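Asks: full-length UniProt numbering numbers the first residue of the sequence shown as 1 and each following residue consecutively. Just so you know, even glycine gets a beta-carbon here, dropped at the ideal spot from N, CA and C. Computed from a prediction, not measured in an experiment: that's the story for all the values here.
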Amino acid sequence: MAMFSTPQLVMDLIAASDGSMEEQAAWDLAGDTVDAARWIASHGFFDLAIGGRMNTIPYRRQQLENLHQALTKEADVLCEALVKDSMISRDCGLRHRLVSPAEAQIEHFFATQAVLHFLEKGLDKNRIGVGLAAVCPTFHTRLYSITCAVAACLAAGNSVYLELCHTPSQHLDVALERLFTEALAKDAVYPSLCPEETLERLSSECGEGLMSIIDQTENYKEKSIRCYGEVINLIASSTDARVLAYVDKSADIDNAAAEIVRARFAFGGTSPYAPDLVMVHESVKEQFIQACLKQEALATSSLSPGLATNDTVRDSWGQRYLNKRKDLADAFKIENRKVKRIEPRGDKEKDPYSVVEITDAYDLKFITYESLVDAVFGIKGGEGGDKKPYDPVRLAAYIFSTDAGATEYYMQHIRCRHVIAVNQIPLELLLGPAAPLDSLTLCDTPAPLHRYHTHMLSVPASHAAEYTPQQMPESFKEAEALMDLVLKRGTGQPGVTATAHGKDDDGDDKAISEQADKVRRLATQPLVSKGQKKIKQPVDYFESGLFVGAGIVASVVLPVLGFTGYFLGTLGIWFDDKGCRRMVTASVTMVLQSIMSRIVSSLIPTSWACLTRGQACEMGMRDDMASLNPHNLNKNQNDQQTAPKMPSTVVNQQGNSTPAAPIRRGRPKKKLSPVHFFSHGSTMMLGEESASATYWKKCGDEALANGVEHVVIMGAHWSTTLPSTILLSSNPTPSKSPVAFVSPEKYKPYPLRPDLPFVPKLQTLLSAAGISSHQDPTYNYIHDVYLILIRMFPDPSTCPPSTILSSNACYDPYFHISVGRALRPLRADFDKYKTLFIASGGAVHNLYRNVFGPMIQYRDNFAQPTPPEPWALEFRQEVLDALCPGHTRSVKKDQDVYHGSSKKIKSQPERTGGSFLRERVVSLMKHPRYRDAHATDDHFIPIMFAAGLCGEDSDIQTTMGAEDWELTNMCNSQFTLGSWSGE
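So this is what it looks like as structure tokens:
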């Protein structure tokens with residue numbers, strides 16, 4: 001094949017013209033001259049390739065050994081060619097920076113290791129190659145890219161057609177053409193320096209499935225239509241898939257900066273695995289910038305001998321992404337190792353973005369984030385404003401974090417096809433082409449180093465199936481016996497029917513029937529359940545806390561009292577007079593009874609009251625520890641029995657009698673009603689004024705003004721253990737569970753209006769969605785529900801009838817989303833149903849980690865003796881970013897925690913609801929701080945109900961109208977999804 005070498009012919013042409021012919025003209029003429037000769041040679045190579053010699057394992061091993069020996073022998077030549085090609089890369093426009101001799105040595109080392117890998121692990125006698133494999137290599141780390149692909153093809157049993165570059169600047173291609181020609185057999189590798197038309201002709205000669213093509217170039221889609229025809233086994237590197245890096249607040253910043261900057265500089269700066277965009281936590285932004293400047297200075301001074309002056313050709317996906325994101329914060333740029341602020345295009349509040357550029361030839365684009373939800377889901381939703389729920393899948397992702405929980409959260413939600421690396425960017429990833437993502441489903445995921453798997457390029461070899469009767473399952477033997485009986489029915493011979501011989505086949509029918517019954521029993525035997533165990537009604541969340549507290553106190557108090565009683569009792573024997581002894585004993589007994597009564601009165605009655613709710617506990621109802629007032633327990637029970645009923649009429653100021661119905665103050669401006677997610681907080685929210693109470697009142701006034709006639713609430717304190725079922729309140733005369741630290745006058749006189757006629761409509765919609773539901777005529781309202789109603793509608797005569805939905809004790813987020821989705825028609829057609837939906841839960845609600853001291857001692861639930869703990873602040877931010885993405889467009893970052901801000905915290909109108917919202921809120925239940933913020937799921941699951949109600953409203957806008965912190969660590973954030981005006 002050396003006779004068809006284009007460079008040799010070019011030199012001959014120039015020598016024949018005595019130097020008068022220009023070099024480029026000689027190359028063009030040489031290409032036209034040898035094209036026909038090359039086609040003849042490649043056609044002969046095709047005949048050899050399909051001969052099947054490569055199917056033998058010894059022959060494959062021999063070719064790989066020869067390739068390894070050739071690479072070892074020509075090490076100096078290959079490394080020198082790599083350095084020369086980087087010096088004259090301007091014509092091809094392929095590199096940012098020169099390749100140093102050290103980098104050339106590294107690339108050569110990994111090339112030899114790739115051959116060793118396929119030589120040791122790639123030879124499989126049970127698989128054979130498809131026949132012919134064509135390789136179209138990339139220019140990035142070209143030696144490794146070519147060697148890795150060729151070694152994979154040879155190990156799989158394919159002959160290789162290698163397409164090399166015919167330009168004079170590619171010294172490496174000329175050296176490789178000579179290496180493959182001299183070291184390997186003619187039917188193993190055919191290195192072609194011809195145009196790609198030869199590949200087009202060669203592919204047209206192959207039958208379907210007889211040729212594989214490895215295309216590492218960026219224009220493989222265009223070439224596949226023009227050159228590859230109907231070849232189905234196209235293994236193309238996904239050059240359009242991008243790479244992201246995440247720098248968490250817990251990361252080792254110096255290590256993260258070193259790894260990221262090295263990835264942007266190493267091997268010419270053109271690796272497809274270098275980060276296109278870096279997500280940096282807001283708290284470590286400045287530290288990360290300074291670390292990048294330090295690493296950039298080291299890299300430019302020591303990693304390479306100099307920078308090339310050609311323009312960068314790397315795709316500017318990161319910049320395009322930043323241009324389309326309108327909700328990003330501070331913008332920075334690094335020029336000549338100086339940090340400058342970039343002025344946003346247009347309105348600074350509405351159109352800011354962030355970018356960092358390192359030197360003129362290298363850029364490192366990054367954006368800051370405040371929460372894990374913002375980091376993961378802030379870049380989902382596609383590019384260019386489309387409404388797809390996901391952006392294109394990433395090629396790789398790098399996570400820099402020392403927090404195991406945060407790392408697990410990233411890995412669960414980052415859609416990455418090839419590799420996710422933690423606290424490192426492996427050097428071997430920076431070499432070679434992008435992984436062929438479209439082929440990963442055909443085999444096991446390849447190692448990150450070598451990109452290709454031999455299963456991509458081979459098919460299973462034909463072999464005889466060794467299947468003995470001993471391997472047959474017993475159940476299969478019964479089915480085979482039934483088939484034998486059917487075939488021998490009435491004849492004694494297989495394949496002949498009884499009718500043809502006229503024999504009596506009653507006996508055979510009986511045997512067939514018995515055997516068929518046996519097969520039927522085997523087919524219909526029940527499965528052994530290995531799923532989730534049936535949920536039993538546990539001790540309630542609040543009662544368990546009381547029991548634990550009472551047990552701890554009793555373990556200390558009772559031994560002390562017992563020892564004291566024994567000691568004082570023994571003093572009685574010192575008195576000879578029996579009367580004195582009895583008097584002392586009686587006195588000691590009275591003292592002990594007084595002490596015990598005080599302890600019991602402060603602890604036990606509350607637990608007894610929680611455990612003696614009768615049918616309420618049996619139906620799975622949940623209650624708050626603070627929902628019972630131990631000092632007024634008997635009085636509250638009597639008040640419940642004598643509570644006034646809702647009057648049938650209301651007298652207005654003019655003295656006229658009017659029906660007690662909801663007041664309608666206008667027609668709704670929008671058919672689609674908003675959905676509220678309210679954090680009801682502690683019981684004291686009912687008696688104390690707060691920003692949340694003011695906002696609840698405002699929401700109630702808006703509901704009345706728009707003519708709401710039905711209110712449907714899913715609370716947090718009522719659940720059922722029935723599988724895939726929810727309960728609906730249908731008690732015609734419900735009472736209210738008592739609450740602690742609130743005067744009974746605040747809630748006892750307030751009459752409740754159950755919406756019994758509306759319950760069948762709700763059940764009809766739930767049944768249509770396949771959700772089981774039952775009415776509960778014993779349900780009594782709990783404070784998570786009536787607290788909201790009292791605050792929203794202080795005037796009982798204006799409160800619309802309400803229906804309460806229970807949650808399911810499995811707390812499956814997707815099930816509760818489906819409940820909201822099933823009831824969505826009531827919200828969508830507000831003119832017809834006039835229904836308002838409310839989810840009552842909590843943004844951060846963990847009673848085990850709250851500080852109850854100020855509330856117990858001073859009746860102050862808003863006291864903050866210390867700031868909220870970091871886990872509470874962090875999860876509060878996650879909830880805000882999940883429900884209000886892009887809120888920094890309306891409120892600055894340093895003001896989004898202040899409920900009295902003049903600007904409400906609102907999400908961006910695009911990609912907030914629908915599937916975007918559902919995915920974000922479900923991901924919060926996997927957040928590393930979720931269990932700190934919610935010891936149980938009951939107060940967070942209502943948000944799933946609200947997310948299901950938002951349905952297909954992908955552009956809905958969410959508002960956080962108020963926020964209060966209680967008991968140090970309880971955050972009561974109030975959210976409204978959508979609005980009456982449709983904004």
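(1) Does any heavy atom of the ligand PLP sit closer than 6 Å to the C-beta of Ala134?
(2) What residues in its chain sit with their C-beta under 6 Å from that of Arg849, if we drop five residues either side in the sequence?
(3) Would you call the stretch 955-967 and the stretch 874-887 touching, i.e. three or more CB-CB distances under 8 Å?
(4) Mind checking whether Gly914 and Glu952 have CB atoms under 7 Å apart?
(5) For Glu103, tell me which candidate among Ala421, Tyr410 and Arg262 has the shortest Cα-Cα distance.
(6) Determine the direct distance from the alpha carbon of Ala274 to that of Val115, and round the result to whole angstroms.
(7) Let me check one thing: in DSSP terms, what residues is Ile905 bridge-paired to?
(8) So Thr968 is in the beta strand (DSSP E); what residue range does that whole segment cover?
(9) To the nearest angstrom, report how far apart Leu164 and His171 are at their CA atoms.
(10) Do Leu457 and Ser212 have their beta-carbon atoms positioned less than 7 Å apart in this structure?
(11) In the DSSP assignment, what are the bridge partners of Arg127?
(12) When you compare only the Cα positions, how much space is there between Lys285 and Lys294?
(13) Assuming the contact rule is C-beta atoms closer than 8 Å, Asp254 and Ala297 should be a hit. Round their C-beta distance to whole Å, please.
(14) By the three-class DSSP mapping on this structure, what secondary structure does Cys810 have?
(15) Please confirm whether His816 and Ile941 have their CB atoms less than 7 Å apart.
(16) By Cβ distance below 6 Å, which residues in the same chain neighbour Phe758 in space, the five residues on each side in sequence not counted?
(17) Which residues in the same chain as Tyr409 place their Cβ atom closer than 7 Å to its Cβ, once the five residues preceding and following it in sequence are excluded?
(18) Might you give, ordered along the chain, the residues of its own chain that have their beta carbon closer than 8 Å to the beta carbon of Ser979, omitting 5 neighbours on each side?
(19) Taking the beta carbon of Leu179 as the centre, do at least 16 other beta carbons fall within 10 Å, making it buried, or is it exposed?
(20) What is the DSSP secondary structure of Glu163, counted as helix, strand or coil?
(21) Excluding the five sequence neighbours on either side, which residues of its own chain have a C-beta within less than 6 Å of the C-beta of Ala156, listed in chain order?
(22) Identify whether Ala133 lies in helix, strand or coil by the three-state DSSP scheme.
(23) How would you call Glu107, buried or exposed, if buried means at least 16 neighbouring beta carbons within 10 angstroms?
(24) What are the uninterrupted segments assigned as beta strand (DSSP E) that are 3 or more residues long and contained completely in the stretch 766-826, given in chain order?
(25) Quick check: what's the CA-CA separation for Leu427 versus Asp248?
(26) If we count the other Cβ atoms within 10 Å of its Cβ and call it buried at 16 or more, is Phe476 buried or exposed?
(27) Tell whether a beta-carbon distance below 7 Å holds between Leu407 and Val419.
(28) DSSP three-state label for Arg415, please.
(29) Am I right that Gly432 and Ser679 are in contact with their C-beta atoms under 8 Å? What's the rounded C-beta distance?
(30) Any beta carbon of chain B sitting closer than 7 Å to that of Thr683?
(31) Short check: CB of Ile905 to CB of Cys884, under 7 Å?
(32) Taking Cβ positions, are Ala188 and Tyr452 nearer each other than 7 Å?
(33) Would you mind giving the Cβ-Cβ distance between Val742 and Thr683, rounded to the nearest angstrom? I have them listed as a contact below 8 Å.
(34) Quick check: the Cα distance between Tyr779 and Asp517, rounded to an integer number of angstroms?
(35) Please name the residue or residues paired with Pro754 in a DSSP beta bridge.
(36) Looking at the secondary structure, which residues open and close the alpha helix (DSSP H) in which Val150 lies?
Replies: On the basis of the coordinates in this document:
(1) Because no ligand of any kind appears in the structure shown, any question about the ligand PLP cannot be addressed here.
(2) Asn969
(3) yes
(4) Between Gly914 and Glu952, the C-beta gap is smaller than 7 Å, which places the two residues in contact.
(5) Arg262
(6) 24 Å
(7) Met960
(8) No beta strand (DSSP E) contains Thr968, which DSSP labels as neither H nor E.
(9) 11 Å
(10) yes
(11) Pro460
(12) 14 Å
(13) Not a contact, Cβ separation roughly 14 Å.
(14) coil
(15) yes
(16) His710 and Thr803
(17) Leu372, Lys926, His927 and Pro928
(18) Lys670, Pro674, Gln957 and Thr959
(19) Its Cβ being crowded by 16 or more others within 10 Å, Leu179 is buried.
(20) strand
(21) Apart from the 5 residues on each side of it in sequence, Ala156 sits with its Cβ closer than 6 Å to the Cβ of Gly129, Thr454, Leu457 and Ser458 in its chain, given in chain order.
(22) strand
(23) buried
(24) 772-776 and 802-808
(25) 21 Å
(26) Label assigned to Phe476: exposed.
(27) The residue asked about is misnamed: residue 407 is Thr in this sequence, not Leu. The answer is no: Cβ separation not under 7 Å.
(28) coil
(29) No, Gly432 and Ser679 are not in contact; Cβ-Cβ is about 51 Å, not under 8 Å.
(30) Included in the structure is just one protein chain, with no chain B present.
(31) yes
(32) Result no, Cβ atoms of Ala188 and Tyr452 do not sit closer than 7 Å.
(33) Contact annotation, Val742 with Thr683: C-beta distance approximately 6 Å; criterion of less than 8 Å satisfied.
(34) Going by the C-alpha atoms only, they are around 50 Å apart.
(35) Ser802
(36) Arg142 to Ala156
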